[in-house]
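Add 23 to the 1-based position in the sequence shown for our numbering, that's all there is to it.
Accompanying notes for the structure given below.
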Amino acid sequence: MSFDQSVLDSAVGERAPWLIDVVTVVTHSGGTVAAWIVSTVLTIALLLRDRRREAVLVAGAMLSGLAVMTTLKNLFERHRPPLPDRLVEISTFSFPSGHAMMTAILASVLVAVTLRVVLVGYVRIALVVLLVLYTLAVGLSRVYLAAHWMTDVLAGWAFGALWAAFWILLTRTRPRRTLTSSEI
Numbered sequence: 024m025s026f027d028q029s030v031l032d033s034a035v036g037e038r039a040p041w042l043i044d045v046v047t048v049v050t051h052s053g054g055t056v057a058a059w060i061v062s063t064v065l066t067i068a069l070l071l072r073d074r075r076r077e078a079v080l081v082a083g084a085m086l087s088g089l090a091v092m093t094t095l096k097n098l099f100e101r102h103r104p105p106l107p108d109r110l111v112e113i114s115t116f117s118f119p120s121g122h123a124m125m126t127a128i129l130a131s132v133l134v135a136v137t138l139r140v141v142l143v144g145y146v147r148i149a150l151v152v153l154l155v156l157y158t159l160a161v162g163l164s165r166v167y168l169a170a171h172w173m174t175d176v177l178a179g180w181a182f183g184a185l186w187a188a189f190w191i192l193l194t195r196t197r198p199r200r201t202l203t204s205s206e207i
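What follows is the structure, encoded as structure tokens:
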């Protein structure tokens, strides 16, 4: 039995009606609509606070991340777990998990914004921990509902973190270099 199948069988075996409801809420909170609402509100808030670099980070990573995720899905064309195990109806391809990838991008750029903007140490730590836990919960919810194989979710987290890292590096503040007397 494959890794993906054994994880799916384990998730299906642990299902309970009340937990399915909770996990469904978690999975919807990491969906496209929720991610775009959060990223749009955050981008506007950052622009209003004159934090243009961070606004570009959030908007750029999310918009381009959607294009990358869609391209990867169409490139790999992996099918989702079978019905009746799958509790959600989705017509797109499975690899990588869009929920996992987009929440990983959003959480990663939010961590970067938090580290750049929030000065209080314990608030920074709490936000980082919550964002990591949230991303893990959304990704695992996709496996629990059999919307994705576990490797889809792992790939979504990896691609999302890498894409966010690209944007974080792209928008980092570069230290000013002092000119030497020979350059003047």
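Note that the Cβ used here is the ideal one computed from N, Cα and C, for glycine as well.
Proximity winner among the options, relative to residue i (alpha-carbon distances)
i: Arg139; options: His102, Ile43, Arg76; result: Arg76
i: Ser33; options: Thr196, Ala169, Leu193, Ala130; result: Ala169
i: Gly53; options: Leu31, Val81, His122; result: His122
i: Arg103; options: Val49, His171, Leu86; result: His171
i: Trp180; options: Val35, Ala127, His51; result: Ala127
Burial state of residue i (16 or more Cβ within 10 Å)
i: Ala84; result: buried
i: Phe99; result: exposed
i: Pro40; result: exposed
i: Leu129; result: buried
i: Leu86; result: exposed
i: Leu156; result: exposed
i: Gly88; result: buried
i: Thr50; result: buried
Distance, residue j Cα to residue i Cα
i: Leu212; j: Ser164; result: What the structure shows of the chain is the stretch from 24 to 207, and residue 212 is not part of that stretch, so it cannot be assessed.
i: Tyr145; j: Ser131; result: 18 Å
i: Val8; j: Leu192; result: In the structure as shown, the chain starts at 24 and stops at 207, and residue 8 therefore has no counterpart that could be examined.
i: Thr137; j: Leu150; result: 8 Å
i: Met112; j: Asp44; result: First, the residue type needs correcting, since residue 112 is Glu and not Met in the sequence shown. Each residue's Cα considered, the two are about 16 Å apart.
i: Ser29; j: Leu42; result: 20 Å
i: Phe182; j: Val143; result: 30 Å
i: Arg38; j: Thr94; result: 32 Å
i: Ala82; j: Thr63; result: 7 Å
i: Val141; j: Lys96; result: 35 Å
i: Arg232; j: Ala90; result: For residue 232 there is no data in the structure shown, the boundaries of the chain being 24 and 207.
i: Ile148; j: Leu31; result: 33 Å
i: Met92; j: Arg101; result: 13 Å
i: Ile67; j: Thr196; result: 20 Å
i: Thr116; j: Arg74; result: It should be noted that the sequence gives Phe, not Thr, for residue 116. Roughly 36 Å between the two C-alpha positions.
Beta-carbon spacing of residue i, residue j below 8 Å
i: Ser120; j: Asp175; result: yes
i: Phe118; j: Ala78; result: no
i: Leu65; j: Thr194; result: no
i: Leu154; j: Val134; result: yes
i: Tyr167; j: Val48; result: no
i: Phe26; j: Met173; result: yes
Minimum Cβ-Cβ distance from residue i to chain D less than 8 Å
i: Leu193; result: Note that chain D does not occur in the displayed structure, where there is just one protein chain.
ask   = How do the region 184-192 and the region 51-71 stand: do at least 3 beta-carbon pairs fall below 8 Å, yes or no?
value = Result no; under three Cβ-Cβ pairs closer than 8 Å.
task = Specify whether the region 99-119 and the region 148-164 touch according to this definition: at least 3 beta carbon pairs, one from each stretch, less than 8 Å apart.
result = When C-beta atoms of the region 99-119 are compared with those of the region 148-164, fewer than three pairs fall below 8 Å, so the two segments do not count as touching.
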